[in-house]
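Trainee:
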Amino acid sequence: MRSPFFSFLFLLIGFPNSFLWGQVNAVDSLERELKHITDSKSSSETSVDTLQVQILLSLSEELDETKTDDAILYAKRALEKAIKLKFPEKILEASFLLGKIYNNTSDFDLSETYLKKALAIANDQKDYIYIGDCHFYMARANLIRNNFPESIKHLNWALQAYEKINDKVKIARVFNSKAILYGKQSRHDQELEYYNKALHSLDGLESKDAEWLKHIISTNLAYNHLDNKEYKKALSIFLDSYLKLKEEQSNHSAGSARGVGASYLKLNQLEKALEYFNIALEIYKKTGNKSGLGDINREIGYVYFLEKNYKQAEQYTLEGLKYSTQIGELESIKFCHENLARIYNESAKYKLAYENELLYKKYSDSMFNIEINNRVYELQKQYEFEKEKELLAQEQLQKEKASKVRAEKQQMLIYIIVISLIVLSVLTAAIYYNLKENKKQRKIVEAQKEMIQRSLYEKETLLREIHHRVKNNLQIISSLLNMQSKDVKNDDILYLLKEGQNRIQAMSLIHQKLYQSEDIDKVDIENYVKDLTTFLSQMYIGDSKRITVNIYAHKCKFDFETAVPLGLVINELVSNAYKHAFIDQSQGTIKIEIESLGDLDYELKVSNNGIPLPEDFSMENQKSLGLKIVSILSRQLRGSFEIKKEGKFTTFIVMFKNLKLYKKRND
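The sequence shown begins at 17 in our numbering and counts up one residue at a time.
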């Protein structure tokens with residue numbers, strides 16, 4: 017077991033971020049770009065949102081080591097937009113990034129929640145990079161909390177994923193974590209074996225990620241020098257690492273500073289040890305790493321203990337215990353109780369010393385019992401056995417497939433020769449017969465086709481003429497009502513004549529659209545509503561008011577049976593808005609939305625921001641003929657009618673069905 021006061025090793029949180037090469041400029045540039053896109057107006061809202069998601073994710077990645085609170089906010093905004101866009105790739109990326117950041121800050125429960133979401137999507141998409149990364153960070157959380165069986169299980173799954181894509185750097189990263197796991201169990205032979213495996217995996221690689229990982233492994237090996245009492249050698253490695261990472265101000269640089277402090281402590285240079293421990297403490301405060309804060313506070317407490325400053329020693333150790341307890345890091349909790357037992361013993365607080373000594377032994381027993389060690393060994397051996405078994409099974413399967421393919425090819429060749437001779441004979445006889453029959457059939461089909469086309473044309477022409485005549489007859493009725501209204505002096509009767517004209521016009525437009533349409537059976541509802549609202553606008557307000565009408569019909573088309581009642585409903589609701597909602601207003605907006613809820617069900621919304629309905633408004637007590645007509649027609653359309661208040665808008669909602677399709681399905 018490593019020294020209880022220097023248990024930290026680099027678990028390889030990730031690879032170096034761009035801040036090493038000018039993070040501040042990158043963040044400023046991304047934030048300017050985000051502001052520009054947010055402020056600008058684009059014809060494609062989806063493309064703008066997609067670009068915003070990518071920039072938010074890039075900002076989060078830039079800040080995940082230095083400003084974790086900002087990084088979390090950016091990632092959450094990206095996730096929210098990605099969910100809204102139903103963009104699984106970006107939902108995966110944002111969920112993983114949140115899991116990784118919370119992992120780095122030691123908020124392991126939150127980390128696991130987001131990593132599991134990301135893993136589910138990655139498994140669906142067979143994205144082995146993300147599958148491996150999710151398992152890697154779950155393994156890291158369990159390793160820190162000394163749950164070795166779970167840690168080794170996730171590391172093995174991560175290794176399987178990385179091997180599928182032959183990512184040697186990430187394979188080396190898994191080996192590095194396995195080495196740390198065995199080091200925590202004082203199984204130093206296996207520890208060195210996996211460090212060497214990691215370095216071997218990186219042989220010949222010169223990428224930045226590979227160089228970074230080599231640096232991490234060499235730093236981890238420095239703790240072996242501390243165990244072997246080669247303190248100056250360890251100090252040289254840690255100091256070199258810290259100087260390289262000093263400007264980074266991340267968890268990595270804090271780890272290097274801790275290593276320097278640990279080396280000075282072994283050399284009994286307490287003042288220098290405290291200096292570097294405090295540097296690490298300040299960095300951990302910035303990054304919010306609870307695991308690091310727990311360890312470094314405990315280590316500073318130990319230095320004060322050696323200086324016989326028991327008050328400061330107790331204060332820092334208790335602070336470290338608080339953070340370690342929050343995240344359930346058993347090893348650190350154990351060392352805190354050991355440290356406190358020593359402090360209280362020297363302070364003559366023997367009861368507290370005894371209690372902490374008991375707690376130290378309790379956590380020691382729970383961590384390193386034989387069952388856990390055997391379980392780790394069993395899982396490792398099981399993985400190696402399963403992997404070897406899988407390889408043998410694959411080889412055997414390939415041999416069987418090759419043998420089967422050869423046999424099938426030989427048998428197939430015989431079948432082909434025999435069948436070819438038979439087919440050739442049959443084809444020769446059949447071709448001549450078919451040529452004669454085809455000639456006869458072609459003439460018959462062409463004659464029938466011509467007859468059908470002529471019949472269809474005649475029926476379509478007749479149907480168009482019917483719609484045309486119905487439209488003309490309705491226009492005549494409308495004109496008669498118009499002429500009659502000129503002689504009427506009674507406002508109530510005039511109002512009723514005007515209402516009748518509107519309803520006739522609504523039906524007339526349906527017939528007009530049908531005989532003008534290329535598709536005689538369907539009405540383009542968007543064009544129909546535009547013409548209807550234009551007519552109603554001239555009828556009720558003329559040019560005296562500026563009432564904007566926005567129509568969103570999403571290219572809906574309906575047959576005559578559905579279009580007529582639907583047109584009358586729209587007529588009643590828009591007329592109602594013109595008559596009542598904008599009496600005292602010179603401008604406003606009417607929105608008409610028709611949205612498909614499937615191939616059968618539709619939703620009509622007619623909204624206006626005019627005078628709202630009274631607070632005590634009730635459909636049951638209404639005497640308005642228009643709303644009664646809407647209610648009746650809604651039932652005719654096999655739907656429902658309701659009224660809602662949405663912000664400044666009063667919204668009339670009609671749920672309805674495509675009647676032709678509804679009747680067809682229910683016949």
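Where a beta carbon is used, it is the ideal one built from N, C-alpha and C, also for glycine. All values reported here derive from a predicted model rather than from experimental measurement.
1) Report the three-state DSSP secondary structure of Leu613 (helix, strand or coil).
2) Counting Cβ pairs closer than 8 angstroms, one from the segment 299–309 and one from the segment 323–334, do we hit at least three?
3) Distance, Cα to Cα, Lys676 vs Ser560?
4) Using the Cα positions of Ala270 and Gly310, report the straight-line distance between them to the nearest angstrom.
5) Residues in the same chain with beta-carbon distance under 8 angstroms from Asn552, minus the five sequence neighbours each way, listed in chain order, please.
6) Taking buried to mean at least 16 other C-beta atoms within 10 Å of its own C-beta, is Gly558 buried or exposed?
7) Per DSSP, which residues does Phe657 bridge with? Please list them.
8) My guess is that Ile107 and Leu126 are in contact by the Cβ rule of under 8 angstroms, so how many angstroms apart are they, rounded?
9) Determine the contact status of Val565 and Val646, defining contact as a CB-CB distance below 7 angstroms.
10) What is the DSSP secondary structure of Ser602, counted as helix, strand or coil?
11) For Ile432, does the count of other Cβ atoms within 10 angstroms reach 16, so buried, or fall short, so exposed?
12) Identify the continuous beta strand (DSSP E) that holds Thr564 and give its terminal residues.
13) Which residue marks the beginning of the alpha helix (DSSP H) containing Lys83, and which one marks its end?
14) Is Lys644 helix, strand or coil when you go by DSSP?
15) Give the straight-line distance between the Cα atoms of Leu578 and Phe668, rounded to the nearest whole angstrom.
16) Go ahead and label Gly38 buried or exposed: buried means 16 or more other beta carbons lie within 10 angstroms of its beta carbon, across all protein chains shown.
17) Would you report the Cα separation of Leu50 and Asp183, rounded to the nearest angstrom?
18) Hey, Glu246 and Gly277 are a contact pair by Cβ (cut 8 angstroms); roughly how many whole angstroms apart?
19) Which value, in whole angstroms, describes the spacing of the CA atoms of Val43 and Lys83?
20) Can you check whether the CB of Ala174 is closer than 7 angstroms to the CB of Gly148?
21) By Cβ distance, which residues of its chain are closer than 6 angstroms to Gly614, with the 5 residues on each side in sequence left out?
22) Less than 7 angstroms between the C-beta atoms of Tyr146 and Ala138, yes or no?
23) With distances taken Cα to Cα, identify the nearest neighbour of Lys262 among Gln206, Ile610 and Ala273.
24) Among Lys403, Lys644, Asp65 and Asp575, whose alpha-carbon lies nearest the alpha-carbon of Arg93?
25) Examine chain C for any beta-carbon lying closer than 7 angstroms to the beta-carbon of Glu287, and answer yes or no.
26) Note down the Cα distance separating Ile659 from Ala98, rounded to an integer number of angstroms.
27) For Ser74 versus Leu46, is the C-beta distance shorter than 7 angstroms?
28) How long is the line joining the alpha carbons of Glu402 and Gln201, rounded to whole angstroms?
29) Let me check understanding here. Comparing Cα to Cα, which of Gly604, Glu453 and Lys249 lies closest to Arg562?
30) In the DSSP output, what is Lys607 paired with across the bridge?
31) For Lys573, which residues does DSSP report across the bridge?
32) Since I believe Ala357 is in contact with Tyr376 (beta carbons under 8 angstroms), could you give me their beta-carbon distance rounded to a whole number of angstroms?
33) At what residues does the alpha helix (DSSP H) containing Ala597 begin and finish?
34) Taking Val580 as the reference, which of Cys352, Glu462, Lys538 and Phe191 has the closest Cα?
35) Just how far apart, CA to CA, sit Lys679 and Ser612?
36) I'd like to check one pair, Lys224 with Tyr210: are the Cβ atoms closer than 7 angstroms?
Mentor: So, from the listed chains and residues:
1) In the sequence shown, residue 613 corresponds to position 597, counting from 1. DSSP places Leu613 in coil when its eight states are reduced to three.
2) no
3) Here residue 676 corresponds to residue number 660 of the sequence shown, with the count starting at 1. Here residue 560 corresponds to residue number 544 of the sequence shown, with the count starting at 1. Lys676 and Ser560: Cα-Cα distance of roughly 41 angstroms.
4) Against the sequence shown, residue 270 aligns to sequence position 254. Against the sequence shown, residue 310 aligns to sequence position 294. Approximately 13 angstroms, taken between the alpha carbons.
5) Sequence index remark: in the sequence shown, residue 552 carries index 536 (1-based). Here residue 552 turns out to be Leu, not Asn, going by the sequence shown. The answer, listed in chain order, is Asn518, Asn587, Val590, Ser591 and Tyr594.
6) Working through the sequence shown from its first residue, we reach residue 558 at position 542. The residue is exposed, with fewer than 16 neighbouring Cβ atoms inside 10 Å.
7) Counting from one through the sequence shown, the residue named residue 657 turns up at place 641. Beta-bridge pairing links Phe657 to Val670.
8) Taking the first residue of the sequence shown as 1, we reach residue 107 at position 91. Taking the first residue of the sequence shown as 1, we reach residue 126 at position 110. Not a contact, Cβ separation roughly 17 angstroms.
9) As a first step, residue 565 must be located in the sequence shown, where it is residue number 549. As a first step, residue 646 must be located in the sequence shown, where it is residue number 630. No; because the gap between Cβ atoms is not below 7 angstroms, this pair is not in contact.
10) Here residue 602 is taken as the residue at index 586 of the sequence shown, counted from 1. It is coil, neither helix nor strand.
11) The residue you call residue 432 lines up with position 416 of the sequence shown. So Ile432 ends up on the exposed side.
12) By 1-based counting over the sequence shown, the position of residue 564 is 548. Taken as a continuous stretch (DSSP letters only), the beta strand (DSSP E) holding Thr564 covers Arg562 to Tyr568.
13) The residue you call residue 83 lines up with position 67 of the sequence shown. It is not in any alpha helix (DSSP H) - Lys83 carries neither H nor E in the DSSP assignment.
14) Against the sequence shown, residue 644 aligns to sequence position 628. Of the three classes helix, strand and coil, the one that applies to Lys644 here is helix, per DSSP.
15) On the sequence shown, position 562 is the one that residue 578 refers to. On the sequence shown, position 652 is the one that residue 668 refers to. The question names Leu, yet the displayed sequence has Thr at residue 578. One C-alpha to the other measures close to 19 angstroms.
16) Residue numbering aside, residue 38 sits at position 22 when the sequence shown is read from its first letter. Only weak support exists for where Gly38 lies, its pLDDT of 47 falling under 50; the coordinates are left without a value.
17) Along the sequence shown, read from residue 1 onward, the residue named residue 50 stands at position 34. Along the sequence shown, read from residue 1 onward, the residue named residue 183 stands at position 167. Computed Cα separation, rounded: 33 angstroms.
18) Working through the sequence shown from its first residue, we reach residue 246 at position 230. Working through the sequence shown from its first residue, we reach residue 277 at position 261. About 17 angstroms separates the two Cβ atoms, so there is no contact after all.
19) The residue you call residue 43 lines up with position 27 of the sequence shown. The residue you call residue 83 lines up with position 67 of the sequence shown. About 11 angstroms.
20) Counting from 1 along the sequence shown, the entry for residue 148 is found at position 132. Counting from 1 along the sequence shown, the entry for residue 174 is found at position 158. Yes, they are a contact pair.
21) To locate residue 614, count along the sequence shown from 1; it is residue 598. Correct list: empty, nothing qualifies.
22) As a working note, residue 146 is residue 130 in the sequence shown. As a working note, residue 138 is residue 122 in the sequence shown. Contact flag set, yes.
23) Mapped onto the sequence shown, residue 262 falls at position 246. Of the listed residues, the one whose Cα sits closest to Lys262 is Ala273.
24) For the purposes of this step, residue 93 is identified with residue 77 of the sequence shown, where counting begins at 1. That would be Asp65, whose Cα lies nearest to the Cα of Arg93.
25) Any reference to chain C falls outside this structure, which holds one protein chain only.
26) Here residue 659 refers to the residue found at position 643 of the sequence shown. Here residue 98 refers to the residue found at position 82 of the sequence shown. Going by the C-alpha atoms only, they are around 32 angstroms apart.
27) Sequence index remark: in the sequence shown, residue 74 carries index 58 (1-based). Sequence index remark: in the sequence shown, residue 46 carries index 30 (1-based). Yes, they are a contact pair.
28) Translated into the one-based positions of the sequence shown, residue 402 becomes position 386. Translated into the one-based positions of the sequence shown, residue 201 becomes position 185. About 24 angstroms.
29) Numbered from 1 along the sequence shown, position 546 holds the residue referred to as residue 562. With distances taken between Cα atoms, Arg562 lies closest to Gly604.
30) Working through the sequence shown from its first residue, we reach residue 607 at position 591. For Lys607, which the question treats as bridged, DSSP gives the partners Asn566 and Ser623.
31) Along the sequence shown, one-based indexing puts residue 573 at 557. Asp540, per the DSSP bridge assignment.
32) Translated into the one-based positions of the sequence shown, residue 376 becomes position 360. Translated into the one-based positions of the sequence shown, residue 357 becomes position 341. Tyr376 to Ala357, Cβ: 6 angstroms. Contact.
33) By one-based count along the sequence shown, residue 597 stands at place 581. Looking at the DSSP string, Ala597 is not in any alpha helix (DSSP H), and its letter there is neither H nor E.
34) Translated into positions along the sequence shown, residue 580 becomes position 564. Closest by alpha carbon: Lys538.
35) What you label residue 679 is simply residue 663 of the sequence shown in a count that begins at 1. What you label residue 612 is simply residue 596 of the sequence shown in a count that begins at 1. Approximately 18 angstroms, taken between the alpha carbons.
36) As a position in the sequence shown, residue 210 is number 194, starting the count at 1. As a position in the sequence shown, residue 224 is number 208, starting the count at 1. Cβ distance not < 7 angstroms, so Tyr210 and Lys224 don't count as in contact.
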